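Before any comments, here is the structure.
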Ligand SMILES: Cc1cc2nc3c(=O)[nH]c(=O)nc-3n(C[C@H](O)[C@H](O)[C@H](O)COP(=O)(O)OP(=O)(O)OC[C@H]3O[C@@H](n4cnc5c(N)ncnc54)[C@H](O)[C@@H]3O)c2cc1C
Ligand SMILES: Cc1cc2nc3c(=O)[nH]c(=O)nc-3n(C[C@H](O)[C@H](O)[C@H](O)COP(=O)(O)OP(=O)(O)OC[C@H]3O[C@@H](n4cnc5c(N)ncnc54)[C@H](O)[C@@H]3O)c2cc1C
């Protein structure tokens with residue numbers, strides 16, 4: 040079975056977010072980029088399923104400029120077989136989805152796995168767009184994924200519960216915990232990753248449909264009002280009479 | 008031309024987040040000089056749908072097909088796309104829920120519309136420019152985004168828009184059919200399993216949340232969190248390490264890699280306030296922190312704080328809430 044795992048290159052979760060002085064762009068200076076944490080679930084699960092099947096391939100795909108290659112290599116070190124980079128700035132979700140759909144169609148992949156959402160842009164939309172572009176189902180967000188022949192059984196998270204969904208290949212799923220325990224690269228993986236194929240291709244399709252005009256940081260808090268532990272009950276009175284939230 | 012609002016219903020009731028979405032949609036309609044029509048999904052009653060007039064909706068379309076009671080991506084997408092075409096809707100508004108966002112992304116491709124999810128404010132519309140503010144960087148920032156093209160889809164983040172309540176106004180409820188076939192239900196769920204929610208309050212919909220971290224010491228102490236939550240009518244939540252070791256279920260984990268919440272009140276008990284945790288909660292209106300360490304970083308993000316032991320403070324708070332009556 041052919042697995043395609045889409046990975047996004049995002050600022051490390053500890054990053055303090057700042058912008059360029061005109062607030063038009065994210066300030067990359069000094070920022071460490073990582074594989075989007077949700078995408079690690081997709082990657083590890085694809086490798087596990089391939090191993091269980093005893094055959095098949097896991098291809099990682101990133102839409103990004105050359106500076107994403109260290110994280111693509113990391114995905115290869117974790118256990119993907121080969122990689123494709125679409126050489127373009129990921130302008131928006133629609134643009135990215137077109138690239139993924141095009142690669143998926145040409146490569147005839149059976150299972151297309153993504154993360155739940157990117158932690159930088161929080162779109163939660165690339166998977167749905169790709170499913171629609173290819174005319175196949177998308178299951179998002181999936182907490183569990185098992186394969187039996189060409190049929191997948193997934194648990195999809197819904198507000199307040201979960202759905203058990205069955206789909207046949209090809210399909211798209213976006214992954215989140217507790218699907219698996221994301222793997223980290225080992226020494227052997229790191230060595231072999233260097234020689235695994237990484238193909239760079241040029242983008243296709245139309246441009247973006249959205250554009251960021253300006254970024255802003257959340258307003259700063261006024262400062263904390265401390266209540267002595269002995270008179271903890273006073274807090275409740277403040278929440279009712281001052282903050283008016285209860 | 009009209010604005011189309013997607014309203015999610017459950018057990019006959021319109022979800023709170025959908026009342027916000029309806030209010031958002033009717034205000035956009037007013038800006039554009041048109042009216043707002045709703046398309047309802049899920050299990051609804053005619054009386055509750057008619058009440059959407061209070062949120063400024065003039066007409067509600069409803070397909071009583073029983074298989075639409077549960078979420079089916081294919082069927083919902085076709086239903087809403089058909090309604091959008093019938094109503095010639097240039098703007099579609101839905102909730103940034105697991106249903107709304109999943110359908111929204113498919114619709115954006117099918118209807119060739121631009122899409123913004125996680126939207127937190129009414130749009131700014133002038134000279135044909137359409138600008139929306141959305142959350143980005145997992146709660147650490149906002150982005151003003153222009154939506155291009157003549158069709159737009161907006162998924163509104165929960166608890167960011169105040170629902171309108173214009174008493175006495177009613178919407179006209181109209182039967183609607185998208186002529187759905189079996190093929191549209193191919194990806195219907197085999198089974199739906201609902202969690203046993205503490206006090207029946209869903210975390211993503213909650214306007215008050217009591218949350219516990221490693222400082223709670225173990226799952227056997229969670230009754231302290233639950234008692235306070237129950238007294239307040241709040242949902243319960245936790246930090247990531249707490250769900251990682253299974254003290255609490257995964258769906259309660261908030262933060263950058265869990266769910267983001269934006270309640271009116273977030274009470275953090277024995278949580279240090281790591282940057283990844285703050286990202287998921289810092290759009291809460293009022294944050295209360297209870298921690299025995301006065302240097303805990305969470306105090307910097309808090310509105311109210313108590314430096315103290317949760318085992319001493321929590322029972323006092325629960326008692327004080329009960330005394331309020
Ligand atoms: C510095 C910087 C600035 C950026 N600015 C913008 C911007 O202004 N507007 C904007 O829309 N995007 C921007 N991005 C790109 C963003 O990271 C995404 O690649 C893309 O926009 C999709 O984001 P999303 O949140 O909608 O994806 P989601 O729908 O949340 O992503 C779901 C899944 O899709 C897959 N996926 C997402 N992006 C990619 C990708 N590039 N390659 C392969 N798979 C992917 C992943 O599996 C991901 O888990 C920026 C990125 C960087 C690094
Ligand atoms: C990639 C990545 C993603 C992450 N995503 C998330 C996320 O989404 N959400 C999240 O929460 N974390 C996330 N984390 C983890 C995060 O970095 C912190 O480790 C975590 O939030 C700490 O949880 P905590 O505050 O419960 O525990 P601790 O940091 O151990 O804090 C416990 C606190 O309890 C206080 N305390 C102890 N005893 C008492 C008492 N008796 N009374 C009062 N106070 C007491 C202590 O002073 C301390 O401040 C992520 C980490 C990584 C690397």
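Protein chains in written order, with this note's numbering: chain A, 40 to 285; chain S, 8 to 332. All C-beta atoms, glycine included, are put in the ideal place defined by N, C-alpha and C. All values reported here derive from a predicted model rather than from experimental measurement.
Cβ-heavy atom distance, residue i to ligand 2, below 6 angstroms
i	result
residue 217 of chain A	no
residue 256 of chain S	no
residue 312 of chain S	no
residue 267 of chain S	no
residue 221 of chain S	yes
residue 279 of chain S	yes
residue 13 of chain S	no
Of the residues the options, the one placed nearest residue i, counting alpha carbons only
i	options	result
residue 138 of chain S	S:144, S:329, S:130	S:130
residue 61 of chain A	A:88, A:253, A:265	A:253
residue 67 of chain S	S:302, S:51, S:165, S:179	S:179
residue 86 of chain A	A:152, A:48, A:51	A:152
residue 135 of chain A	S:100, S:85, S:96, S:116	S:116
residue 325 of chain S	A:90, A:284, A:272, A:280	A:272
residue 320 of chain S	S:87, S:308, S:296	S:296
residue 39 of chain S	S:82, S:274, S:96	S:96
residue 106 of chain S	A:218, A:198, A:217	A:198
residue 28 of chain S	S:100, S:224, S:60	S:100
residue 124 of chain S	S:132, S:157, S:149, S:133	S:149
residue 218 of chain A	A:177, A:122, A:196	A:196
residue 45 of chain S	S:11, S:173, S:233	S:11
residue 294 of chain S	S:307, S:300, S:301	S:307
residue 15 of chain S	S:234, S:332, S:52	S:52
residue 212 of chain S	S:57, S:112, S:291	S:291
residue 179 of chain A	A:172, A:48, A:202	A:202
residue 247 of chain A	S:136, S:74, S:32, S:120	S:120
residue 229 of chain S	S:245, S:47, S:215	S:245
residue 36 of chain S	S:201, S:63, S:73	S:63
residue 158 of chain S	S:118, S:133, S:189	S:118
Below-7 angstroms beta-carbon distance, residue i vs any chain S residue
i	result
residue 193 of chain A	no
residue 160 of chain A	yes
residue 205 of chain A	yes
residue 76 of chain A	yes
residue 148 of chain A	no
residue 221 of chain A	no
residue 272 of chain A	yes
residue 201 of chain A	yes
residue 114 of chain A	no
residue 43 of chain A	no
residue 163 of chain A	yes
residue 80 of chain A	no
residue 138 of chain A	no
residue 264 of chain A	yes
residue 230 of chain A	no
Minimum Cβ-Cβ distance from residue i to chain A less than 7 angstroms
i	result
residue 194 of chain S	yes
residue 11 of chain S	no
residue 191 of chain S	no
residue 300 of chain S	no
residue 154 of chain S	yes
residue 324 of chain S	yes
residue 165 of chain S	no
residue 44 of chain S	no
Near ligand 1: residue i beta-carbon under 6 angstroms from a heavy atom
i	result
residue 60 of chain A	no
residue 80 of chain S	no
residue 160 of chain A	yes
residue 253 of chain A	no
residue 239 of chain A	no
residue 109 of chain A	no
residue 101 of chain A	yes
Beta-carbon separation (whole angstroms), residue i vs residue j, contact threshold 8 angstroms
i	j	result
residue 329 of chain S	residue 314 of chain S	Actually they are not in contact, since the Cβ atoms of residue 329 of chain S and residue 314 of chain S sit about 24 angstroms apart, beyond 8 angstroms.
residue 85 of chain S	residue 191 of chain S	5 angstroms
residue 124 of chain A	residue 237 of chain A	7 angstroms
residue 280 of chain S	residue 248 of chain S	13 angstroms between Cβ atoms; not a contact.
residue 219 of chain S	residue 276 of chain S	5 angstroms
Minimum Cβ-Cβ distance from residue i to chain C less than 7 angstroms
i	result
residue 171 of chain A	The structure shown contains no chain C; the protein chains it does contain are A and S.
With contact counted as at least three CB pairs below 8 angstroms, one residue from each stretch, are the stretch 180-198 of chain A and the stretch 122-134 of chain A in contact?
-> These segments do not touch.
Any contact of the stretch 17-36 of chain S with the stretch 272-284 of chain A, i.e. 3+ C-beta pairs under 8 angstroms?
-> Judged by Cβ distances under 8 angstroms, the stretch 17-36 of chain S makes no contact with the stretch 272-284 of chain A, as fewer than three pairs qualify.
Do the stretch 171-188 of chain A and the stretch 168-178 of chain S make contact, defined as three or more Cβ pairs closer than 8 angstroms?
-> At 8 angstroms Cβ cutoff, the stretches do not touch.
Decide yes or no for the touch test of the stretch 270-285 of chain S against the stretch 229-236 of chain A: beta carbon pairs closer than 8 angstroms, at least 3 of them.
-> No, they do not touch.
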